[in-house]
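Take a look at the structure set out below.
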Amino acid sequence: MIEEKIICIGCPLGCETTLKIGDQAEVVKITGYKCKEGRQYVVEEYRSPVRIFTATILTEKSARPLLPVRTDRPILKSKLKEAALTLVRFKAKSPVRIGQVILPNILNTGADVIATDDLLD
Ligand code: SF4
């Protein structure tokens with residue numbers, strides 16, 4: 000049996016949890032959490048961690064060469080690198096409004112990449 004330590008980020012307490020993992024990669028025991036939401040978070044963080052993807056993409060404006068973007072929901076952590084490589088090919092054309100979808104359903108994750116700033120003429 001192995002142990003996995005995961006800090007819960009569900010609230011400012013930041014509980015340090017310990018997961019005991021069985022031979023089939025199953026979670027056998029969890030200690031250190033203080034609420035059921037935290038317990039659920041650390042199990043999901045162990046099984047399939049997700050993150051909001053953030054990046055900058057190129058624009059066609061020399062005065063403003065980069066536009067910050069993010070996904071509108073978390074995607075699997077294992078897809079972050081592929082998401083970054085996908086966006087390398089994109090160039091934003093003005094005008095872009097904050098919140099505008101730049102790339103829908105990136106990598107079939109169900110998440111849209113949206114602008115986090117305006118890019119105006
Ligand atoms: S386990 Fe509960 S109390 Fe602890 S950090 Fe997570 S959400 Fe907060």
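According to numbering that gives the first Met the number 0, the sequence shown is numbered sequentially starting from 0. Ideal placement from N, C-alpha and C gives every residue a C-beta, glycine not left out.
Closer than 8 angstroms is the cut-off here; do at least three beta carbon pairs connect the stretch 83-102 with the stretch 50-61? yes
When DSSP labels each residue in this structure, what does isoleucine 29 get in the three-state scheme? On the sequence shown, residue 29 is found 30 positions in, with the first residue counted as 1. If DSSP states are grouped into helix, strand and coil, isoleucine 29 belongs with the strands.
CB-CB under 8 angstroms to isoleucine 20, same chain, minus the five flanking residues each way: which ones, in chain order? The residue you call residue 20 lines up with position 21 of the sequence shown. The residues are Met0, Ile1, Glu2, Glu3, Val26, Val27, Tyr45.
Distance, Cα to Cα, leucine 18 vs glutamate 36? Here residue 18 refers to the residue found at position 19 when the sequence shown is read from its first residue. Here residue 36 refers to the residue found at position 37 when the sequence shown is read from its first residue. Each residue's alpha carbon lies about 15 angstroms from the other.
Would you grab the beta carbon distance between isoleucine 113 and valine 68 for me? Rounded to a whole angstrom, and I think it's under 8 angstroms. One-based indexing of the sequence shown puts residue 113 at position 114. One-based indexing of the sequence shown puts residue 68 at position 69. With a Cβ gap of about 6 angstroms, isoleucine 113 and valine 68 count as contacting.
In chain order, each beta strand (DSSP E) run of at least 3 residues that lies wholly inside the stretch 37-84: 53-58, 65-70
Glutamate 36: CB within 7 angstroms of a non-hydrogen atom of ligand 1: Your numbering for residue 36 matches position 37 in the sequence shown. Short note on glutamate 36: C-beta closer than 7 angstroms to some heavy atom of ligand 1.
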